[in-house]
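Before any comments, here is the structure.
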Amino acid sequence: MKKTFTIAFILVFLIAMPFLAPLFPEGWRALSILPPLIAIVLAFTSKNVVFSLFTGVFSGAYLIVLQDGSRLTALIRAFVLVTKEIVASLSDSWNAGIVIQTFTIGGLIALVSVMGGTRAIAEKLSKRARSAASAQIYTWMMGIFIFFDDYANLLTVGPIMRPVTDKMKVSREKLAFIIDSTAAPIADIALISTWIGYELGLIKHGYAMLGLEVNAYSVFIHTIPYRFYSLLILFFIFVSAKTRRDFGPMLKAERRAYWEGKVVADDATIVPAVDTEKLPVADGTVLKISNALVPVLTLIIGAFIALFYNGYQNIMDGNDINLITLVSSSFSFTVLRECFSASNASVALTQSAILASLVAIFMGWKQKIFSMKNAVNTWIKGAGAMVITITILILAWSLSGVIGQLGAADYLVGIIGGKIPPFLLSAIIFILGAVISFATGTSYGTMGILMPLAIPLAYAISPEPVFLYMTIGAVLTGAIFGDHCSPISDTTILSSMGAACDHIAHVNTQLMYALPVAAIGILVCFIPTSLGLPVFVSLLIGFTCIAALVLIVGKKVEIK
Numbered sequence: 214m215k216k217t218f219t220i221a222f223i224l225v226f227l228i229a230m231p232f233l234a235p236l237f238p239e240g241w242r243a244l245s246i247l248p249p250l251i252a253i254v255l256a257f258t259s260k261n262v263v264f265s266l267f268t269g270v271f272s273g274a275y276l277i278v279l280q281d282g283s284r285l286t287a288l289i290r291a292f293v294l295v296t297k298e299i300v301a302s303l304s305d306s307w308n309a310g311i312v313i314q315t316f317t318i319g320g321l322i323a324l325v326s327v328m329g330g331t332r333a334i335a336e337k338l339s340k341r342a343r344s345a346a347s348a349q350i351y352t353w354m355m356g357i358f359i360f361f362d363d364y365a366n367l368l369t370v371g372p373i374m375r376p377v378t379d380k381m382k383v384s385r386e387k388l389a390f391i392i393d394s395t396a397a398p399i400a401d402i403a404l405i406s407t408w409i410g411y412e413l414g415l416i417k418h419g420y421a422m423l424g425l426e427v428n429a430y431s432v433f434i435h436t437i438p439y440r441f442y443s444l445l446i447l448f449f450i451f452v453s454a455k456t457r458r459d460f461g462p463m464l465k466a467e468r469r470a471y472w473e474g475k476v477v478a479d480d481a482t483i484v485p486a487v488d489t490e491k492l493p494v495a496d497g498t499v500l501k502i503s504n505a506l507v508p509v510l511t512l513i514i515g516a517f518i519a520l521f522y523n524g525y526q527n528i529m530d531g532n533d534i535n536l537i538t539l540v541s542s543s544f545s546f547t548v549l550r551e552c553f554s555a556s557n558a559s560v561a562l563t564q565s566a567i568l569a570s571l572v573a574i575f576m577g578w579k580q581k582i583f584s585m586k587n588a589v590n591t592w593i594k595g596a597g598a599m600v601i602t603i604t605i606l607i608l609a610w611s612l613s614g615v616i617g618q619l620g621a622a623d624y625l626v627g628i629i630g631g632k633i634p635p636f637l638l639s640a641i642i643f644i645l646g647a648v649i650s651f652a653t654g655t656s657y658g659t660m661g662i663l664m665p666l667a668i669p670l671a672y673a674i675s676p677e678p679v680f681l682y683m684t685i686g687a688v689l690t691g692a693i694f695g696d697h698c699s700p701i702s703d704t705t706i707l708s709s710m711g712a713a714c715d716h717i718a719h720v721n722t723q724l725m726y727a728l729p730v731a732a733i734g735i736l737v738c739f740i741p742t743s744l745g746l747p748v749f750v751s752l753l754i755g756f757t758c759i760a761a762l763v764l765i766v767g768k769k770v771e772i773k
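Residue numbers (our numbering): 214 to 773.
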């Protein structure tokens with residue numbers, strides 16, 4: 214029935230689309246928000262992410278070609294455009310780097326699993342994590358520990374912690390929520406991460422539009438207390454895990470796991486990033502935590518070194534004489550910051566993942582766990598398991614490209630734009646960022662769209678630095694919130710796969726947690742701070758409200 218409805222829906226849409234445009238005041242621009250909406254609706258109704266994303270891309274391409282030529286050949290030209298968008302998404306050096314990084318981390322996780330590293334950590338943490346609460350807190354802590362990159366976080370923490378949380382009867386939905394909420398929110402506020410170069414560039418450009426020269430990193434640091442959603446959601450995870458209280462769909466999932474022993478629902482569709490259960494530990498292998506710890510630490514430490522060196526090379530090859538003099542004459546936190554900002558994160562992280570894989574191969578070979586040939590075959594098997602992940606990422610990037618051509622984000626900005634009261638600006642910017650990132654599935658794209666608009670607008674209303682810091686914080690954390698909730702977001706997709714959780718189940722359970730946290734951020738933090746309440750007082754009240762939400766609305770999982 215659902216398949217019939219879905220096919221009928223698509224056919225009606227394709228036939229009706231040319232006739233819908235004249236019904237809207239702005240014609241084709243008004244239809245620009247349809248492709249992401251179609252992808253989102255189909256994701257929930259069909260529960261097939263690949264099909265939903267492809268349909269979204271195709272409908273967007275169809276809209277584009279309808280504006281340029283004959284309707285008779287539109288379907289054919291739309292198909293051609295879809296293939297061009299897919300190729301273009303892989304032609305982007307950043308995306309290509311992410312693809313290689315994802316494959317490499319998949320191979321690394323497979324090696325660690327066969328070496329018994331994952332099982333050793335699971336057994337060790339199972340002894341320390343004697344309850345579902347402590348298992349969740351350890352997962353939360355590990356997510357914070359891998360703070361430098363959201364992709365590395367999602368692809369590492371999920372597969373490693375999955376056996377632990379399964380044993381402690383924590384639902385996969387809760388695991389996906391924890392790793393998703395300690396990926397982008399942490400990378401967004403970390404003083405050194407793969408995000409920081411992009412964010413600093415946006416901040417610097419926004420001030421430059423006003424003719425102002427600023428220390429973008431200093432501004433970045435000042436905005437951290439105003440990233441209300443990111444800070445509140447991290448606190449929410451800890452309180453929920455510690456008290457073992459949940460509500461909404463998550464409570465149902467947690468009680469299913471606890472009382473029925475089902476960490477996933479019977480009708481769940483699971484596409485794990487790396488299925489460690491299909492990678493058994495070699496016979497006779499002595500379980501050692503070091504077989505996981507050493508490769509993972511190599512990945513982390515190697516990432517820091519690679520990010521620094523890559524950025525250093527980029528600076529030295531550039532034309533900024535002052536910056537070249539700075540990094541070549543001394544070593545300081547400022548130099549570290551500038552090098553991280555100038556680095557190509559996708560290249561650096563790929564390098565560290567390859568290095569960690571080589572270390573794992575050598576360790577396993579030396580311990581006679583596998584031969585070099587078997588090690589390579591295991592790595593390839595783990596990398597191959599990431600094909601579905603890469604497919605979904607490519608389609609998500611392609612959809613983002615089509616949406617960009619249609620100007621959907623600009624249309625949304627135009628709808629909400631106009632005169633805004635000063636005390637509501639940051640709240641409205643946050644909501645606008647959330648809507649755009651939810652519809653487009655990209656936090657980076659949303660930041661790039663809103664930052665050049667938000668900084669001049671805030672400066673025109675009030676040139677006070679604090680007002681600008683809060684507005685910038687609203688852009689950054691609003692983009693995180695919308696991307697966090699969107700079923701077509703790459704990080705949301707990777708969270709589901711890293712936790713081996715049904716994707717729509719992850720979206721449904723996470724959305725019901727993210728929305729009240731965002732509401733608290735708006736009503737208790739953004740608006741009062743805009744009215745003059747000190748930011749740390751607002752944060753304290755916000756944390757108190759989060760605790761009250763969990764304790765009052767949440768119910769004990771163990772009590773029916």
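Note that CB positions come from ideal geometry on N, CA and C, so glycine has one too.
Inset, instruction - Would you kindly report the start and end of the unbroken alpha helix (DSSP H) that includes Asn-557? - result: Per DSSP, Asn-557 belongs to no alpha helix (DSSP H) and is neither H nor E.
Inset, instruction - Count the CB pairs spanning the stretch 644-653 and the stretch 748-765 that are closer than 8 Å, and state whether there are at least three. - result: no
Legend entry - Contact between the stretch 684-699 and the stretch 440-458 (3+ Cβ pairs under 8 Å): yes
Legend entry - Arg-458 in three-state terms, based on DSSP: strand
Legend entry - Buried or exposed by the 16-neighbour rule on C-beta atoms within 10 Å, applied to Ala-323: buried
Legend entry - Beta-bridge partners of Lys-501, as assigned by DSSP: DSSP lists no partner for Lys-501.
Inset, instruction - Kindly indicate which residue of Ile-391, Glu-771, Val-427 and Leu-510 has the alpha-carbon position closest to the one of Ala-569. - result: Leu-510
Inset, instruction - May I ask you to report which of helix, strand or coil DSSP gives Lys-417? - result: helix
Inset, instruction - Determine the burial state of Asn-532: buried for a count of at least 16 other Cβ atoms within 10 Å of its Cβ, exposed for fewer. - result: exposed
Inset, instruction - Within the same chain, show all residues whose beta-carbon is closer than 6 Å to that of Thr-352, passing over the 5 residues directly before and after it, in chain order. - result: Met-374 and Ile-391
Legend entry - Straight-line Cα distance separating Ala-609 from Ile-603: 10 Å
Legend entry - Start and end residues, alpha helix (DSSP H) containing Met-725: 716-733
Legend entry - Short Cβ contact (8 Å threshold) for Val-507 with Tyr-525: no
Legend entry - In DSSP terms, what Lys-768 is bridged to: Asp-459
Inset, instruction - Would you mind sorting Thr-378 into buried or exposed? The rule is 16 or more other CB atoms within 10 Å of its CB. - result: buried
Legend entry - Buried or exposed by the 16-neighbour rule on C-beta atoms within 10 Å, applied to Asn-535: exposed
Legend entry - Exposure label - Lys-382; buried when at least 16 CB within 10 Å: buried
Legend entry - At least three beta-carbon pairs within less than 8 Å, the stretch 578-586 to the stretch 313-320: no
Legend entry - Buried or exposed (CB count within 10 angstroms, at least 16 for buried), Leu-250: exposed
Inset, instruction - Put Gln-580 into one of helix, strand or coil per three-state DSSP. - result: coil
Legend entry - Under 8 Å between C-beta atoms of Gly-711 and Pro-398: no
Legend entry - CA-to-CA distance, Lys-773 to Ile-311, given in whole angstroms: 44 Å
Legend entry - Close beta carbons around Ile-334, own chain, < 7 Å, minus the five adjacent residues each side: Ile-373, Ile-502 and Ala-505
Inset, instruction - Below 8 Å CB to CB, which residues in the same chain sit around Glu-298 once its five sequence neighbours on both sides are set aside? - result: Val-270, Ala-274, Ser-611, Gly-614 and Val-615
Legend entry - 7 Å Cβ shell around Ala-566 - same chain, five flanking residues per side excluded: Gln-314, Thr-317, Ile-318, Leu-321 and Leu-512
Legend entry - Rounded straight-line distance, which links the Cα of Phe-292 to that of Ile-437: 44 Å
Inset, instruction - Classify Pro-634 as buried or exposed, calling it buried when 16 or more other Cβ atoms lie within 10 Å of its own Cβ. - result: exposed
Legend entry - Check whether Leu-266 and Ala-252 have beta carbons under 8 Å apart: yes
Inset, instruction - Kindly confirm or deny that the stretch 713-726 and the stretch 663-672 touch, where touching means at least three C-beta pairs closer than 8 Å. - result: no
Inset, instruction - Select from Leu-728, Phe-451 and Arg-458 the residue whose C-alpha is nearest the C-alpha of Ile-765. - result: Arg-458
Inset, instruction - Spatial neighbours of Ala-727 within its chain, please: CB distance less than 6 Å, with the 5 preceding and 5 following residues excluded, ordered by chain position. - result: His-697 and Cys-698
Legend entry - Proximal residues to Lys-337 (C-beta, below 7 Å), its chain only, five neighbours per side dropped: Ile-502
Legend entry - Contact under 8 Å by Cβ, Ile-607 with Leu-368: no
Inset, instruction - Could you tell me whether the Cβ atoms of Ile-740 and Cys-758 are closer together than 8 Å? - result: no
Legend entry - Cα-Cα separation between Gly-661 and Asp-305, rounded to whole angstroms: 17 Å
Legend entry - Tyr-351 - containing alpha helix (DSSP H), residue span: 345-358
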